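If you want it as structure tokens, here you go:
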């Protein structure tokens, strides 16, 4: 990039122009532009290319399960078993094709979402203005900006006429930043001018305009100082894409010692092999399944050795085929396909819920999220200003309620109330000393405070009436609407309200439109503007002068003289006022009245609102003075205009939280997920919004003292702390204000050190580094391209509750994965037990006889059990899915319950099928095992082939019936829904998942053609038609169901293998308002106990929380270390 003696914001305009060899009056010449375009890259952000198709295909082929299957296929072809080898080749191709196609489609969908049109820029070149494409801008270009423009590159401003840029996506600040042109910028917290770049953050370099920010008002000109990846946005994008080497992988012996090259090389080799095998990269589930594949592969080799040993290492084809059969039996061939399709179905469901999943692995990871780190502006809040309250002297309050759209004046209603004396800032109750109370000397019962210290009964609050127009309100609206540059209009073509201008002014204009007092309608009636004194950040106010139309009436309207309308910061306006109020309530200003106004301002500010004062004065005749070009004369005239004002009222403006945010945070808390707010906003605003949405309690006194002190922090304080000091905190902050990108990244790393599995949400460029470093990055669809590229999930509707819906879907999918993994592995365990026991069935030639043939195993694993597994993947979410803790990322799918269940059910399955085979061979046929019955059918193999058919049919039915049983891991198949009081709910429960229902029914019926079709049965499946043997298959199927039901009953009766309870900490986020607890729509015993715990919130009794897990309710200690 261009070289400067100091950062451009520290240079004068002339010094900046000299460094770039440009002319601020004429711009660059054509020759200079051509030279610079060859020297510098295009003005574009490198946000990452599309993942190529061959990378996706390679990732699918190198999947652990595929490698194991390929080995078995090669062995089958090696011994010339072309039927089995061909079937395995088909299975491999099917798995790879499904995985590749779904991931490729997901990437293409995201490409469409990423595609953004290139904006244009107005430049001055060769003394003429011209419009060019943004990528063609070069350093030294003179750019002309106007309201609504997107700034094309980083610029040093040299002309700013009422110019303000919205930098929320870059700095997190929701208020547009006023721009200046001089370079005398003070270092924050001092009265000294900054002399180095490090003294001033990018948000305070107000003589710079940054690429991708938007001009909200005014106009200006500036010199381009940086383009593309050299801009502040580009630097953040670069830090997002930069790969971070893992600790200990360096090979620098000078820095780390002589042994480091060997240690570093060993660790890098481990990483490379682990990546190839899928053991060190990917989500927890992917790593677990990769490890499972290799464990099973090892088991298959051991079992093959056992087979060879039993057959005295006489490696005939029959022996090799038997060993291969064991290998196939122990590997769940359809697991990868079922897992991928289940994830794709979940992606499709989430797409309809406005959640776009960029990476399938992120979907599984959602189920294990323990912490959500969220931006405030546009995520927890609407991202738009709205007038929340208007206070009109001396005691009139107007409140906007139920507004669903800050730009739509027709949504919501305005209520009126008379304010009573109230304290400026709500004081927190002193904390009770529980340690003292519980000591032996002063033992007390933990009785709620309201019972220990009863207060007079409060009267029910009066219902606030709808607002009626008064002279005082009309005067307030008149000034708010006319002293305003924003426009609000209804677009008939798009059928929605359109707004332009600065968000604060839009909010005031929308409020005026609620009463049909908008600026446009007033000017249509004849109000005529005579002069304007624009907003000045140094004096923080704006004024306009109007003439009223003849015949207009009102308490402040005077048609014979001009009128001055002013708005601005409360302290500044109040100092210029001589009177307060209008009409009959007008009274001269006094110290007491000033104090009352400031108290009222503090009340609004403590609620997270930005407070503006609205005032007016009659000019005293017609205004005829002309505003001159002289700054001194203009300043004198402005001083004459803005004096002896009459205060008409205060407007409280805030960025409203989304209506769904608080209940969503409450649902997260019930699910054991903690929400953190990381925002660039002012600490008091952040604190107020955090209280409103339930991230922190309204009374911090309910928290332990140390937690209360650290729960809200400024980024500067957090950044000063060392990692050791952060780790020593009892709890990490729930709110961090004035966040820089590095602050968010440090918070992510601090959570990771505590074993958390976190999701980071955001929409701005400043969120990108933390989005890429978080376990699950979630970007907003309306956010920056950089943020989307850094994320794994994109929310197209920008709503926080969509994140909760995504987590709910992730948990549903995780539960279902557990169910179908149990279903598939139980069948594998049963098959292996059957085949291992089958080693004892030795014919008179000395070779073992298959109880089931290799093709029967492949048919059962790929066809019979796959579709029920798909059905289990489509199971609806359990009622308590968001009342359970996050999945343990260390255990993943393979919890103790899954492992024990798999073993128990597999043993029962193997025992049942073995009994069937033995009864037919030894009970009915005197142990006749024939000769060479593993390879072909002859008359002497009649008993073996009939026994295989019965065993195959039974094994098929056991696996199918187990899918119904695994709809719930603990409840009986005959009563799956605890809230259903009907006598025989089993049919309704089973039919609720129609795909699973028909998979089981059709799979059960498919046994008959497979058993009876001639040639196919004896040549391929190595079995034949049966008759009385069906009774054995049916009978042992019933015994198997009884065994599963008995084991489930034992688990419920003795509370075995239950989920751990939810840990909610000292206070449950998203709790009910101060009016008292509220019931949820779905009531259960868990709901009542949660409600009971809420009712103790104000007493500080947060030592215990009740939560429900599958089949039990337990008391949970109120401690949390994440």
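Residue numbers (this note's numbering): 2 to 1123. Glycine included, each C-beta is placed from N, C-alpha and C at the ideal position. Owing to the predicted nature of the structure, the values given are computational and were not obtained by experimental measurement.
Query: Buried versus exposed call for residue 890 [16 or more other C-beta atoms within 10 Å across all chains shown]; Result: buried
Query: 6 Å Cβ shell around residue 935 - same chain, five flanking residues per side excluded; Result: 319 and 851
Query: Alpha carbon of residue 213 to alpha carbon of residue 237, nearest angstrom; Result: 13 Å
Query: Of the residues 854, 165, 138 and 263, the one placed nearest residue 155, counting alpha carbons only; Result: 138
Query: Minimum Cβ-Cβ distance from residue 153 to chain D less than 8 Å; Result: No chain D is present in this structure, which holds just one protein chain.
Query: Simplified DSSP assignment, three categories, for residue 1047; Result: helix
Query: Residue 804 beta carbon less than 8 Å from that of residue 762; Result: yes
Query: Coarse secondary structure for residue 445, derived from DSSP in three states; Result: Because the pLDDT at residue 445 is just 37, under 50, the model does not fix this residue reliably, and the point stays unresolved.
Query: Beta-ladder partner(s) of residue 548, from DSSP; Result: 529
Query: Residue from 989, 842 and 875 whose Cα sits closest to the Cα of residue 927; Result: 842
Query: Neighbourhood of residue 1091 by C-beta distance below 6 Å, restricted to the same chain and skipping five residues each side; Result: Residue placement at residue 1091 cannot be trusted, given a pLDDT of 33 that sits under 50; what the coordinates show is reported in the next sentence. None.
Query: Strand pairing of residue 707, partner residues [DSSP]; Result: Beta-bridge pairing links residue 707 to no other residue.
Query: Limits of the beta strand (DSSP E) - the one that residue 1135 falls within; Result: This structure cannot speak to residue 1135, because the chain is shown only from 2 to 1123.
Query: Neighbourhood of residue 910 by C-beta distance below 6 Å, restricted to the same chain and skipping five residues each side; Result: 831 and 959
Query: Backbone CA spacing between residue 225 and residue 39 [nearest angstrom]; Result: 17 Å
Query: Paired residues, beta bridge with residue 537 - DSSP; Result: 542
Query: Same chain, Cβ closer than 8 Å to residue 12, five either side skipped, listed in chain order; Result: 5, 6, 20, 157 and 184
Query: Secondary structure of residue 834, DSSP reduced to three states; Result: helix
Query: Simplified DSSP assignment, three categories, for residue 87; Result: helix
Query: Stretch-stretch touch, CB-based, cutoff 8 Å, three pairs: the region 575 to 587 with the region 641 to 648; Result: yes
Query: Residues near residue 709 in its chain [Cβ-Cβ closer than 6 Å; skip 5 each side]; Result: 701
Query: Residue 796 - partner residues in DSSP beta bridges; Result: 356 and 781
Query: Residue 9 burial status per 10 Å Cβ neighbour count (16 or more: buried); Result: buried
Query: Cβ separation of residue 623 and residue 544, assumed to be a contact under 8 Å, to the nearest whole Å; Result: With a Cβ gap of about 17 Å, residue 623 and residue 544 do not count as contacting.
Query: Three-state secondary structure (DSSP) of residue 1114; Result: Per-residue confidence for residue 1114 stands at a pLDDT of 32, beneath the threshold of 50, marking its modelled position as unreliable; the derived number appears in the next sentence. Of the three classes helix, strand and coil, the one that applies to residue 1114 here is strand, per DSSP.
Query: Residue 1035, buried or exposed, once every other Cβ within 10 Å from all chains shown has been counted against 16; Result: exposed
Query: Residue range of the beta strand (DSSP E) that includes residue 569; Result: 564 to 570
Query: Closest Cα partner of residue 656 within the set 943, 971, 202 and 611; Result: 611
Query: Residue 323 to residue 281 span [Cα, whole Å]; Result: 34 Å
Query: Separation of residue 301 from residue 268, as counted between CA atoms; Result: 29 Å
Query: Cβ contact check for the region 392 to 406 and the region 581 to 596: 3 or more pairs under 8 Å; Result: yes
Query: Residue 382 versus 764, 1048 and 193, residue with shortest Cα-Cα distance; Result: 764
Query: Proximity below 8 Å, CB of residue 913 to CB of residue 1037; Result: yes
Query: Residue 94, DSSP secondary structure in three states; Result: helix
Query: Nearest-angstrom Cα separation, counted from residue 595 out to residue 416; Result: 26 Å
Query: Endpoints, the alpha helix (DSSP H) within which residue 913 is located; Result: 897 to 919
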